[in-house]
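Shown next, in structure tokens, is the structure this report addresses.
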Amino acid sequence: MQPITNWKVIAPWALFSLQAICVSFIVTEEVAGALLGEQAIGILESNILEYLILTALVVGLIASGFEIRKNITRQKRMEQQVKVASGAFAKLLEEHFEIWKLTPSEADVALLALKGFSIAEIASYRETAEGTVKAQCNAIYRKAGVSGRPQLLSLFIDELLGGIVQPSPVH
């Protein structure tokens with residue numbers, strides 16, 4: 002097993018552990034004080050230790066606040082990137098549909114096919130016969146220069162990846 006060296010993972014858990022220890026100390030002190038009354042002695046009565054625990058909790062609280070703020074900012078940025086990517090994919094689809102000169106009906110069928118709907122589901126959704134949907138799919142594949150749905154989907158995946166992934170040559 003590989004040791005954990007990523008501080009982005011370790012720091013929040015270390016902070017959580019520190020806060021848990023501090024809370025445990027305070028709870029133990031209160032329970033001991035309630036059960037033993039004035040008989041509680043030793044380290045539980047040390048004001049210096051209480052101040053250290055309180056300082057650790059304040060530092061932990063501040064650090065937790067910064068971490069939460071950073072995570073919210075990161076989440077907003079990622080949501081924005083997903084919106085941009087979704088919009089880019091929709092634009093990519095529209096551009097290809099225009100280049101291929103798909104009719105509005107063919108564009109609808111192509112979109113549903115790319116989403117993974119079956120011929121029967123597309124026909125039911127569009128309230129047309131399955132034969133009509135099959136004919137539209139064949140027209141789409143012909144105009145796109147592919148032999149079927151997997152190749153049609155592959156066109157868009159390849160374009161989205163932008164040549165990032167190249168298959169390894171077979172030896």
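When you read off a place in the sequence shown, starting at 1, and then add 1, the result is the number in the numbering used here.
No residue lacks a Cβ here, since even glycine has one placed at the ideal position from N, Cα and C.
Note that the structure is a prediction, hence the values are computed from the model and not measured.
Asked: Runs of beta strand (DSSP E) lying entirely within the segment 25–98, each at least 3 residues, in chain order; Found: none
Asked: Residue of 17, 115, 97 minimising C-alpha distance to residue 150; Found: 115
Asked: First through last residue of the alpha helix (DSSP H) which encompasses residue 103; Found: First-last for residue 103: undefined, no H or E at that position.
Asked: Where residue 17 sits in the DSSP three-state scheme; Found: helix
Asked: Coil, strand or helix - residue 147 by DSSP; Found: coil
Asked: Contact check, residue 110 vs residue 123, beta carbons under 8 Å; Found: yes
Asked: Three-state secondary structure assigned by DSSP to residue 130; Found: coil
Asked: Counted within 10 angstroms of its Cβ, other Cβ atoms place residue 76 as buried (16 or more) or exposed; Found: exposed
Asked: Selection from 32, 30, 95, 15 that minimises the alpha carbon distance to residue 57; Found: 15
Asked: Where residue 12 falls: helix, strand or coil (DSSP); Found: helix
Asked: Exposure of residue 61, with buried meaning 16 or more beta-carbon neighbours within 10 Å; Found: buried
Asked: Outcome for residue 18 when other beta-carbon atoms lying within 10 angstroms are tallied against a minimum of 16; Found: exposed
Asked: C-alpha distance - residue 2 paired with residue 157, whole-angstrom precision; Found: Reliability of the predicted coordinates at residue 2 is poor, the pLDDT of 47 falling under 50, and no value is obtained from them.
Asked: Span separating the alpha-carbon of residue 25 from that of residue 51; Found: 12 Å
Asked: Backbone CA spacing between residue 118 and residue 78 [nearest angstrom]; Found: 31 Å
Asked: Alpha carbon of residue 9 to alpha carbon of residue 155, nearest angstrom; Found: 36 Å
Asked: Residue 59 versus residue 37: straight-line alpha-carbon distance, rounded; Found: 28 Å
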